[in-house]
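What follows is one structure encoded as structure tokens, with my remarks underneath.
Right under this line is the structure:
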């Protein structure tokens, strides 16, 4: 299987698993899976240089917050491999994409399928809104727009220690409505942090509807260039374009990949919900029935 075929297989598996979860639980962040599946699949199967998972395949229960004397505390970073100087690291900023990331970890063999059964259960680290102890997470991203600032500190520390690994950040386009994001972008430029590579799921959606009707962020590429970054735009569902974008020269500057995506790609039955895609919740039996029919027709009822 070529890497392109593997990336597409992973992307399809992400959508299938999140769709199945949404049907089972009466709601979920499904449109995020639709828009970001190829981005995450390409990052994990082709772009990022990660070591194998060093975390338990079945996520352990919550071990408490970081504090003196809590030797059991751990982040979920181990699912992305060991922290070695030459290896890349991955940081997710919009932590409501947590289920999408968990599905990615399962599809790439980094987490056991049983982990998804722990989703949003009391005492579990597999949280609906991911925290630093959740599988695949390393930071408490808090409100949207905070992770990039934290990664600046990590990137500076890694450079100080002579580490060559890159620092990948996955963001949503809605985070560019936030002032802290732009402060982070200009700080990246000031410190010439070219070890930072940001992939943006630009699906044009926010919790309040279409982004262009809530707070204008376009022209996003031109704004990023003006703030001192290198920025490219690609089709966010084209795995080859997504992979090629990571190779764009950006010496002395952070690289931002604006992946233009569709919030119902691969699950076209969701199109009728426009412009509200942020959280798919069934309010009428017909909505769930339509998605169930689509699921069976596309995936044959496979879980």
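Residue numbers (my numbering): 1182 to 1484. Glycine is no exception: its CB is placed at the ideal position from the N, C-alpha and C atoms.
I'd like to know whether the C-beta atoms of residue 1244 and residue 1260 end up nearer to each other than 7 Å. Sequence index remark: in the chain shown, residue 1244 carries index 63 (1-based). Sequence index remark: in the chain shown, residue 1260 carries index 79 (1-based). Not a contact, by the Cβ cut-off of 7 Å.
Once you ignore the five residues that flank residue 1447 on each side, which residues in its own chain have a CB closer than 6 Å to its CB? Here the question's residue 1447 lines up with position 266 in the chain shown. Correct list, in chain order: 1196 and 1215.
If you draw a straight line from the alpha carbon of residue 1223 to that of residue 1188, how long is it in whole angstroms? Here residue 1223 refers to the residue found at position 42 when the chain shown is read from its first residue. Here residue 1188 refers to the residue found at position 7 when the chain shown is read from its first residue. The straight-line gap from Cα to Cα measures roughly 5 Å.
Could you tell me the boundaries of the alpha helix (DSSP H) in which residue 1206 lies? Counting from one through the chain shown, the residue named residue 1206 turns up at place 25. Element bounds for residue 1206: 1184-1206.
Give me the Cα-Cα distance between residue 1413 and residue 1440, rounded to the nearest whole angstrom. The sequence position of residue 1413 within the chain shown is 232, counting from 1. The sequence position of residue 1440 within the chain shown is 259, counting from 1. When rounded, the distance between both Cα atoms is 9 Å.
Output the boundary residues of the beta strand (DSSP E) element that contains residue 1411. Within the chain shown, residue 1411 is the residue found at index 230, counting from 1. Where residue 1411 is concerned, the enclosing beta strand (DSSP E) stretches over 1411-1416.
Relative to the C-alpha of residue 1340, which candidate in 1359, 1376 and 1369 has its C-alpha closest? For this step, residue 1340 is matched to residue 159 along the chain shown. Comparing Cα-Cα distances from residue 1340 to each of 1359, 1376 and 1369, the minimum goes to 1376.
Considering only DSSP beta bridges, list what residue 1441 is partnered with. What you label residue 1441 is simply residue 260 of the chain shown in a count that begins at 1. In the DSSP output, where bridge partners are listed per residue, residue 1441 has 1383 and 1416.
So, with DSSP's three-state summary, where would you put residue 1404? For the purposes of this step, residue 1404 is taken as the residue at position 223 of the chain shown. It is helical.
Could you check the C-alpha separation between residue 1190 and residue 1208 for me, to the nearest Å? Indexing the chain shown from 1 puts residue 1190 at position 9. Indexing the chain shown from 1 puts residue 1208 at position 27. Roughly 24 Å separates the two Cα atoms.
Would you mind working out which of 1389, 1364, 1419 and 1388 sits nearest residue 1404, comparing C-alpha positions? Here residue 1404 refers to the residue found at position 223 when the chain shown is read from its first residue. Ranking the options by Cα distance to residue 1404, first place goes to 1364.
List the endpoints of the continuous beta strand (DSSP E) containing residue 1270. Position 89 of the chain shown, counting from 1, holds the residue named residue 1270. Here the beta strand (DSSP E) through residue 1270 covers 1270-1273.
Pick helix, strand or coil for residue 1348, following the three-state DSSP scheme. Reading the chain shown from its first residue, position 167 is the one you call residue 1348. Three-state result, residue 1348: strand.
Just mark residue 1302 as buried or exposed, buried being the case when its beta carbon has 16 or more other beta carbons within 10 Å. As a first step, residue 1302 must be located in the chain shown, where it is residue number 121. Label assigned to residue 1302: exposed.
Measuring straight from C-alpha to C-alpha, what distance separates residue 1370 and residue 1409? As a position in the chain shown, residue 1370 is number 189, starting the count at 1. As a position in the chain shown, residue 1409 is number 228, starting the count at 1. Residue 1370 and residue 1409: Cα-Cα distance of roughly 5 Å.
Can you tell me whether residue 1477 is buried or exposed? The criterion is at least 16 other CB atoms within 10 Å of its CB, across all chains shown. Reading the chain shown from its first residue, position 296 is the one you call residue 1477. Exposed, because fewer than 16 other Cβ atoms sit within 10 Å of the Cβ of residue 1477.
Could you spell out the range, first to last residue, of the alpha helix (DSSP H) harbouring residue 1216? What you label residue 1216 is simply residue 35 of the chain shown in a count that begins at 1. Residues 1211-1223.
Nearest to residue 1407 by alpha carbon, out of 1367, 1471 and 1423? Within the chain shown, numbered from 1, the residue matching residue 1407 stands at position 226. Answer by Cα proximity: 1367.
Nearest neighbour of residue 1361, chosen from 1388, 1328, 1336 and 1470 [CA to CA]: Residue 1361 sits at position 180 when you count from the first residue of the chain shown. Comparing Cα-Cα distances from residue 1361 to each of 1388, 1328, 1336 and 1470, the minimum goes to 1328.
Report the rounded CA-to-CA distance for residue 1475 versus residue 1469, giving the unit in angstroms. Here the question's residue 1475 lines up with position 294 in the chain shown. Here the question's residue 1469 lines up with position 288 in the chain shown. Going from the Cα of residue 1475 to the Cα of residue 1469 covers about 10 Å.
Through-space distance from residue 1221 to residue 1210, alpha-carbon basis: Counting from one through the chain shown, the residue named residue 1210 turns up at place 29. Counting from one through the chain shown, the residue named residue 1221 turns up at place 40. Roughly 15 Å between the two C-alpha positions.
Kindly indicate the opening and closing residues of the alpha helix (DSSP H) around residue 1448. Taking the chain shown and counting its residues from 1, one reaches residue 1448 at position 267. No alpha helix (DSSP H) contains residue 1448, which DSSP labels as neither H nor E.
Going by DSSP in three states, residue 1390 sits in which element: helix, strand or coil? Taking the first residue of the chain shown as position 1, residue 1390 is located at position 209. DSSP places residue 1390 in strand when its eight states are reduced to three.
Helix, strand or coil at residue 1462 [DSSP, three-state]: Numbered from its first residue, the chain shown carries residue 1462 at position 281. In the structure shown, residue 1462 sits in a strand (DSSP, three-state: E or B).
As a quick exercise: from 1311, 1397, 1287 and 1298, pick the residue whose alpha carbon is nearest that of residue 1206. Sequence index remark: in the chain shown, residue 1206 carries index 25 (1-based). Of the candidates 1311, 1397, 1287 and 1298, the one whose C-alpha sits nearest the C-alpha of residue 1206 is 1298.
Grouping DSSP H, G and I as helix and E and B as strand, with all else coil, what is residue 1324? Against the chain shown, residue 1324 aligns to sequence position 143. Coil, per DSSP.
Return the chain-ordered list of same chain residues with a C-beta closer than 6 Å to the C-beta of residue 1277, the five sequence neighbours on each side being excluded. Your numbering for residue 1277 matches position 96 in the chain shown. Hits under 6 Å: 1210 and 1310.
Residue 1378 vs residue 1436 beta-carbon contact at 7 Å: Residue 1378 sits at position 197 when you count from the first residue of the chain shown. Residue 1436 sits at position 255 when you count from the first residue of the chain shown. Taking 7 Å as the Cβ cut-off, residue 1378 and residue 1436 qualify as a contacting pair.
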